[in-house]
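In UniProt numbering, the protein residues as written are 1 to 314.
Where is the CB? At the ideal position from N, CA and C, for every residue including glycine.
Being a predicted model, the structure only gives us computed values, none of them experimental.
Some notes on the structure that comes next.
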Amino acid sequence: MSTLAPLRLLREPWNASEGNQSNATAGAGSAWCQGLDIPSELFLALGLVSLVENLLVVAAILKNRNLHSPTYYFICCLAVSDMLVSVSNLAETLFLLLLEHGVLVVRASVVRHMDNVIDMLICSSVVSSLSFLGVIAVDRYITIFYALRYHSIMTLQRAVVTMASVWLASTVSSTIFVTYYRNNAILLCLIGFFLFMLVLMLVLYIHMFALARHHLRSISSQQKQPTVYRSSSLKGAVTLTILLGVFFICWGPFFFHLILIVTCPTNPFCTCFFSYFNLFHILIICNSVIDPLIYAFRSQELRRTLREVVLCSW
(Lines of atoms letter the chains of each structure in order from A; the text may use other names.)
(Lines give C-alpha, C1' and ligand atoms only; values in the text may rest on other atoms or scores of the structure.)
Protein backbone atom coordinates (compact mmCIF):
# COMPACT_ATOMS: atom_id res chain seq x y z
CA MET A 1 0.00 0.00 0.00
CA SER A 2 1.40 3.37 -0.96
CA THR A 3 0.82 6.58 0.92
CA LEU A 4 -0.04 10.04 -0.24
CA ALA A 5 2.42 12.95 -0.46
CA PRO A 6 4.13 14.22 1.59
CA LEU A 7 3.94 11.04 3.71
CA ARG A 8 4.71 9.11 0.55
CA LEU A 9 7.97 11.05 0.32
CA LEU A 10 8.86 10.02 3.89
CA ARG A 11 9.22 6.47 2.58
CA GLU A 12 12.41 7.50 0.79
CA PRO A 13 14.55 10.58 1.48
CA TRP A 14 14.27 13.58 -0.81
CA ASN A 15 17.61 15.05 0.31
CA ALA A 16 19.64 12.43 -1.59
CA SER A 17 20.57 12.78 -5.22
CA GLU A 18 18.92 10.45 -7.70
CA GLY A 19 22.19 8.70 -8.47
CA ASN A 20 23.01 8.14 -4.83
CA GLN A 21 19.54 6.80 -4.20
CA SER A 22 19.81 4.25 -6.99
CA ASN A 23 23.28 3.17 -5.81
CA ALA A 24 22.05 2.77 -2.24
CA THR A 25 19.07 0.77 -3.41
CA ALA A 26 21.27 -1.46 -5.52
CA GLY A 27 23.61 -2.01 -2.56
CA ALA A 28 20.69 -2.87 -0.34
CA GLY A 29 18.98 -5.29 -2.65
CA SER A 30 18.90 -8.22 -0.25
CA ALA A 31 15.64 -10.04 0.40
CA TRP A 32 14.90 -8.37 3.73
CA CYS A 33 15.27 -4.96 2.08
CA GLN A 34 12.26 -5.54 -0.14
CA GLY A 35 9.92 -4.23 2.55
CA LEU A 36 6.71 -5.75 3.87
CA ASP A 37 3.59 -6.01 1.76
CA ILE A 38 0.69 -5.13 4.04
CA PRO A 39 -2.78 -5.61 2.51
CA SER A 40 -5.11 -2.65 2.38
CA GLU A 41 -7.74 -4.76 4.16
CA LEU A 42 -5.59 -4.74 7.31
CA PHE A 43 -5.39 -0.94 7.27
CA LEU A 44 -9.16 -0.76 6.83
CA ALA A 45 -9.87 -3.33 9.58
CA LEU A 46 -7.61 -1.66 12.16
CA GLY A 47 -8.97 1.75 11.24
CA LEU A 48 -12.57 0.60 11.75
CA VAL A 49 -11.80 -1.09 15.09
CA SER A 50 -10.02 2.02 16.35
CA LEU A 51 -12.84 4.27 15.14
CA VAL A 52 -15.52 2.22 16.92
CA GLU A 53 -13.49 1.96 20.15
CA ASN A 54 -12.78 5.65 20.39
CA LEU A 55 -16.32 6.63 19.40
CA LEU A 56 -17.57 4.54 22.33
CA VAL A 57 -15.12 6.29 24.69
CA VAL A 58 -16.28 9.74 23.55
CA ALA A 59 -19.97 8.76 23.79
CA ALA A 60 -19.51 7.32 27.30
CA ILE A 61 -17.73 10.40 28.60
CA LEU A 62 -20.36 12.72 27.11
CA LYS A 63 -23.19 10.62 28.54
CA ASN A 64 -22.03 10.24 32.15
CA ARG A 65 -21.87 13.48 34.16
CA ASN A 66 -19.62 11.76 36.69
CA LEU A 67 -16.98 11.65 33.96
CA HIS A 68 -17.18 15.38 33.27
CA SER A 69 -13.80 16.22 34.81
CA PRO A 70 -10.46 17.44 33.39
CA THR A 71 -8.97 13.93 33.56
CA TYR A 72 -11.71 12.39 31.43
CA TYR A 73 -11.84 15.41 29.12
CA PHE A 74 -8.16 14.77 28.34
CA ILE A 75 -8.92 11.09 27.72
CA CYS A 76 -11.80 12.18 25.48
CA CYS A 77 -9.45 14.43 23.50
CA LEU A 78 -6.99 11.55 23.14
CA ALA A 79 -9.86 9.42 21.80
CA VAL A 80 -10.74 12.17 19.30
CA SER A 81 -7.09 12.34 18.21
CA ASP A 82 -7.03 8.58 17.73
CA MET A 83 -10.28 8.87 15.77
CA LEU A 84 -8.52 11.33 13.48
CA VAL A 85 -5.78 8.74 12.96
CA SER A 86 -8.47 6.20 12.03
CA VAL A 87 -10.48 8.54 9.80
CA SER A 88 -7.41 9.80 7.93
CA ASN A 89 -6.18 6.22 7.46
CA LEU A 90 -9.58 5.05 6.22
CA ALA A 91 -9.93 8.03 3.89
CA GLU A 92 -6.43 7.53 2.49
CA THR A 93 -6.89 3.79 1.98
CA LEU A 94 -10.30 4.09 0.33
CA PHE A 95 -9.15 6.98 -1.87
CA LEU A 96 -6.13 5.00 -3.10
CA LEU A 97 -8.18 1.84 -3.69
CA LEU A 98 -10.76 3.75 -5.73
CA LEU A 99 -8.02 5.35 -7.81
CA GLU A 100 -6.13 2.09 -8.35
CA HIS A 101 -9.24 0.21 -9.50
CA GLY A 102 -10.41 3.01 -11.78
CA VAL A 103 -13.64 3.53 -9.85
CA LEU A 104 -12.70 7.14 -9.12
CA VAL A 105 -11.35 9.27 -11.95
CA VAL A 106 -10.34 12.78 -10.91
CA ARG A 107 -8.06 15.51 -12.16
CA ALA A 108 -4.50 15.82 -10.88
CA SER A 109 -5.33 19.09 -9.13
CA VAL A 110 -8.12 17.39 -7.16
CA VAL A 111 -5.75 14.59 -6.16
CA ARG A 112 -3.25 17.16 -4.88
CA HIS A 113 -5.94 18.87 -2.80
CA MET A 114 -7.01 15.51 -1.38
CA ASP A 115 -3.35 14.78 -0.61
CA ASN A 116 -3.06 17.99 1.38
CA VAL A 117 -6.31 17.49 3.30
CA ILE A 118 -5.52 13.88 4.25
CA ASP A 119 -1.92 14.71 5.14
CA MET A 120 -3.04 17.59 7.36
CA LEU A 121 -5.41 15.19 9.14
CA ILE A 122 -2.65 12.62 9.61
CA CYS A 123 -0.07 15.15 10.85
CA SER A 124 -2.58 16.86 13.13
CA SER A 125 -3.63 13.51 14.63
CA VAL A 126 0.00 12.50 15.22
CA VAL A 127 0.87 15.74 17.01
CA SER A 128 -2.37 15.88 19.03
CA SER A 129 -2.14 12.20 20.07
CA LEU A 130 1.42 12.64 21.33
CA SER A 131 0.45 15.90 23.06
CA PHE A 132 -2.54 14.43 24.91
CA LEU A 133 -0.51 11.40 25.99
CA GLY A 134 1.86 13.90 27.63
CA VAL A 135 -1.03 15.94 29.08
CA ILE A 136 -2.56 12.80 30.63
CA ALA A 137 0.81 11.93 32.18
CA VAL A 138 1.08 15.43 33.70
CA ASP A 139 -2.53 15.25 34.94
CA ARG A 140 -1.85 11.93 36.67
CA TYR A 141 1.32 13.35 38.17
CA ILE A 142 -0.60 16.29 39.67
CA THR A 143 -3.29 13.90 40.93
CA ILE A 144 -0.71 11.88 42.87
CA PHE A 145 1.74 14.51 44.11
CA TYR A 146 -0.68 17.41 44.64
CA ALA A 147 -3.85 15.48 45.50
CA LEU A 148 -5.21 18.04 47.97
CA ARG A 149 -4.62 20.93 45.57
CA TYR A 150 -5.57 19.12 42.37
CA HIS A 151 -8.93 20.86 41.88
CA SER A 152 -7.38 24.28 42.41
CA ILE A 153 -4.47 23.51 40.06
CA MET A 154 -6.34 21.70 37.30
CA THR A 155 -9.44 23.84 37.06
CA LEU A 156 -11.96 23.40 34.26
CA GLN A 157 -10.84 26.70 32.75
CA ARG A 158 -7.18 25.59 32.66
CA ALA A 159 -8.20 22.24 31.20
CA VAL A 160 -10.13 23.97 28.41
CA VAL A 161 -7.19 26.28 27.69
CA THR A 162 -4.86 23.26 27.59
CA MET A 163 -7.10 21.36 25.19
CA ALA A 164 -7.63 24.38 22.93
CA SER A 165 -3.88 25.06 22.88
CA VAL A 166 -3.09 21.48 21.87
CA TRP A 167 -5.63 21.49 19.04
CA LEU A 168 -4.44 24.89 17.81
CA ALA A 169 -0.79 23.83 17.91
CA SER A 170 -1.62 20.58 16.11
CA THR A 171 -3.47 22.40 13.34
CA VAL A 172 -0.72 24.99 12.86
CA SER A 173 2.08 22.41 12.92
CA SER A 174 0.31 20.16 10.42
CA THR A 175 -0.16 23.12 8.06
CA ILE A 176 3.53 24.00 8.34
CA PHE A 177 4.54 20.39 7.72
CA VAL A 178 2.41 20.05 4.59
CA THR A 179 3.81 23.33 3.28
CA TYR A 180 7.50 22.80 4.12
CA TYR A 181 7.78 19.01 4.28
CA ARG A 182 11.02 19.00 2.23
CA ASN A 183 12.85 21.00 4.90
CA ASN A 184 14.93 18.89 7.29
CA ALA A 185 14.29 21.44 10.03
CA ILE A 186 10.62 20.38 10.06
CA LEU A 187 11.58 16.73 10.54
CA LEU A 188 14.01 17.69 13.30
CA CYS A 189 11.20 19.54 15.07
CA LEU A 190 8.96 16.45 14.87
CA ILE A 191 11.78 14.22 16.13
CA GLY A 192 12.55 16.63 18.97
CA PHE A 193 8.87 16.75 19.92
CA PHE A 194 8.68 12.94 20.10
CA LEU A 195 11.86 12.72 22.21
CA PHE A 196 10.54 15.42 24.55
CA MET A 197 7.28 13.51 25.05
CA LEU A 198 9.14 10.24 25.58
CA VAL A 199 11.43 11.75 28.24
CA LEU A 200 8.49 13.59 29.89
CA MET A 201 6.40 10.43 30.20
CA LEU A 202 9.41 8.38 31.31
CA VAL A 203 10.32 10.81 34.10
CA LEU A 204 6.75 11.40 35.32
CA TYR A 205 5.63 7.76 35.32
CA ILE A 206 8.83 6.48 36.94
CA HIS A 207 8.52 9.17 39.64
CA MET A 208 4.88 8.19 40.24
CA PHE A 209 5.80 4.50 40.43
CA ALA A 210 8.64 5.28 42.86
CA LEU A 211 6.23 7.17 45.15
CA ALA A 212 3.64 4.38 45.01
CA ARG A 213 6.36 1.82 45.76
CA HIS A 214 7.53 3.88 48.75
CA HIS A 215 3.99 4.09 50.14
CA LEU A 216 3.44 0.36 49.68
CA ARG A 217 6.74 -0.38 51.44
CA SER A 218 5.68 1.78 54.40
CA ILE A 219 2.28 0.09 54.65
CA SER A 220 3.85 -3.35 54.28
CA SER A 221 6.39 -2.72 57.04
CA GLN A 222 3.65 -1.56 59.42
CA GLN A 223 1.27 -4.43 58.64
CA LYS A 224 3.96 -7.10 58.25
CA GLN A 225 2.63 -8.22 54.84
CA PRO A 226 5.60 -8.34 52.48
CA THR A 227 3.76 -10.62 50.07
CA VAL A 228 1.08 -7.99 49.46
CA TYR A 229 3.79 -5.37 48.96
CA ARG A 230 5.66 -7.46 46.42
CA SER A 231 2.45 -8.25 44.54
CA SER A 232 1.39 -4.58 44.36
CA SER A 233 4.87 -3.46 43.44
CA LEU A 234 5.02 -6.01 40.64
CA LYS A 235 1.61 -4.91 39.37
CA GLY A 236 2.77 -1.28 39.32
CA ALA A 237 5.93 -2.21 37.45
CA VAL A 238 3.91 -4.15 34.87
CA THR A 239 1.53 -1.21 34.36
CA LEU A 240 4.45 1.18 33.93
CA THR A 241 6.13 -1.19 31.47
CA ILE A 242 2.94 -1.47 29.43
CA LEU A 243 2.42 2.32 29.31
CA LEU A 244 5.94 3.20 28.22
CA GLY A 245 6.46 0.02 26.18
CA VAL A 246 3.36 0.56 24.04
CA PHE A 247 4.27 4.21 23.52
CA PHE A 248 7.84 3.41 22.44
CA ILE A 249 7.00 0.37 20.28
CA CYS A 250 4.15 2.09 18.43
CA TRP A 251 5.78 5.48 17.86
CA GLY A 252 9.52 4.75 18.02
CA PRO A 253 10.04 3.07 14.61
CA PHE A 254 8.31 5.90 12.72
CA PHE A 255 10.42 8.59 14.36
CA PHE A 256 13.58 6.50 13.98
CA HIS A 257 12.64 6.39 10.28
CA LEU A 258 12.60 10.22 10.28
CA ILE A 259 15.98 10.34 12.05
CA LEU A 260 17.50 8.12 9.35
CA ILE A 261 16.05 10.31 6.60
CA VAL A 262 17.89 13.27 8.10
CA THR A 263 21.15 11.52 9.03
CA CYS A 264 21.84 8.81 6.43
CA PRO A 265 19.56 9.09 3.38
CA THR A 266 21.89 7.10 1.09
CA ASN A 267 23.25 4.49 3.49
CA PRO A 268 22.30 0.90 2.42
CA PHE A 269 21.07 -0.01 5.91
CA CYS A 270 18.92 3.12 6.06
CA THR A 271 17.52 2.39 2.61
CA CYS A 272 16.46 -1.05 3.83
CA PHE A 273 14.80 0.51 6.85
CA PHE A 274 12.87 2.96 4.64
CA SER A 275 11.21 0.05 2.83
CA TYR A 276 9.31 -0.90 6.02
CA PHE A 277 7.44 2.41 6.25
CA ASN A 278 4.03 0.72 5.97
CA LEU A 279 4.84 -1.39 9.04
CA PHE A 280 5.59 1.76 11.04
CA HIS A 281 2.32 3.22 9.80
CA ILE A 282 0.46 0.11 11.00
CA LEU A 283 2.05 0.42 14.45
CA ILE A 284 0.75 4.00 14.79
CA ILE A 285 -2.75 2.78 13.91
CA CYS A 286 -2.36 -0.06 16.44
CA ASN A 287 -1.58 2.55 19.07
CA SER A 288 -5.00 4.10 18.38
CA VAL A 289 -6.54 0.69 19.03
CA ILE A 290 -4.57 0.12 22.25
CA ASP A 291 -4.97 3.59 23.80
CA PRO A 292 -8.60 3.07 24.92
CA LEU A 293 -7.60 -0.20 26.58
CA ILE A 294 -4.89 1.56 28.60
CA TYR A 295 -6.39 4.96 29.38
CA ALA A 296 -10.16 4.52 29.25
CA PHE A 297 -11.48 0.98 29.60
CA ARG A 298 -9.63 0.40 32.89
CA SER A 299 -12.06 2.79 34.62
CA GLN A 300 -14.94 0.90 36.23
CA GLU A 301 -17.27 3.91 35.90
CA LEU A 302 -16.46 4.28 32.22
CA ARG A 303 -16.88 0.56 31.56
CA ARG A 304 -20.32 0.68 33.19
CA THR A 305 -21.28 3.64 31.02
CA LEU A 306 -19.93 1.87 27.93
CA ARG A 307 -22.26 -1.04 28.60
CA GLU A 308 -25.16 1.39 28.80
CA VAL A 309 -24.10 3.02 25.54
CA VAL A 310 -23.78 -0.33 23.76
CA LEU A 311 -27.18 -1.42 25.10
CA CYS A 312 -28.63 1.99 24.16
CA SER A 313 -29.65 2.68 27.78
CA TRP A 314 -29.84 6.44 27.36
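A296 and I290 have their C-alpha atoms some 10 angstroms from each other. Contact between L36 and Y276 holds, since their C-beta atoms are separated by about 6 angstroms, short of 8 angstroms. The DSSP-derived three-state label of C76 is helix. With contacts defined by Cβ atoms closer than 7 angstroms, S81 and S125 form a contacting pair.
Per DSSP, N287 is one residue of the alpha helix (DSSP H) stretching across 277-291. Three or more Cβ pairs drawn from the region 111-124 and the region 82-98 lie within less than 8 angstroms of each other, which places the two stretches in contact. Nearest Cα to Q300 within the set N54, I61, L96, L211: I61. For V105, the secondary structure class from DSSP, reduced to helix, strand or coil, is coil.
The residue among V310, C264, F274, R298 with its C-alpha nearest the C-alpha of C33 is F274. Judged by DSSP secondary structure, F269 falls within the alpha helix (DSSP H) whose first and last residues are 268-274. Counting C-beta atoms within 10 angstroms of its own C-beta, A185 has fewer than 16 neighbours from the protein chains shown and is therefore classed as exposed.
Relative to the Cα of S50, the nearest Cα in the group K63, Y73, L84, C77 belongs to L84. Residues E301 of the same chain have their beta carbon placed closer than 7 angstroms to that of N66, with the five preceding and five following residues left out of the count. When C-alpha distances from F145 are compared across H214, V105, R107, the shortest belongs to H214.
C-alpha of L244 to C-alpha of M201: approximately 8 angstroms in a straight line. Taking 7 angstroms as the cut-off, the Cβ atoms of L130 and M197 count as close. About 14 angstroms separates the CB atoms of P70 and A147; that is not less than 8 angstroms, and the two are not in contact.
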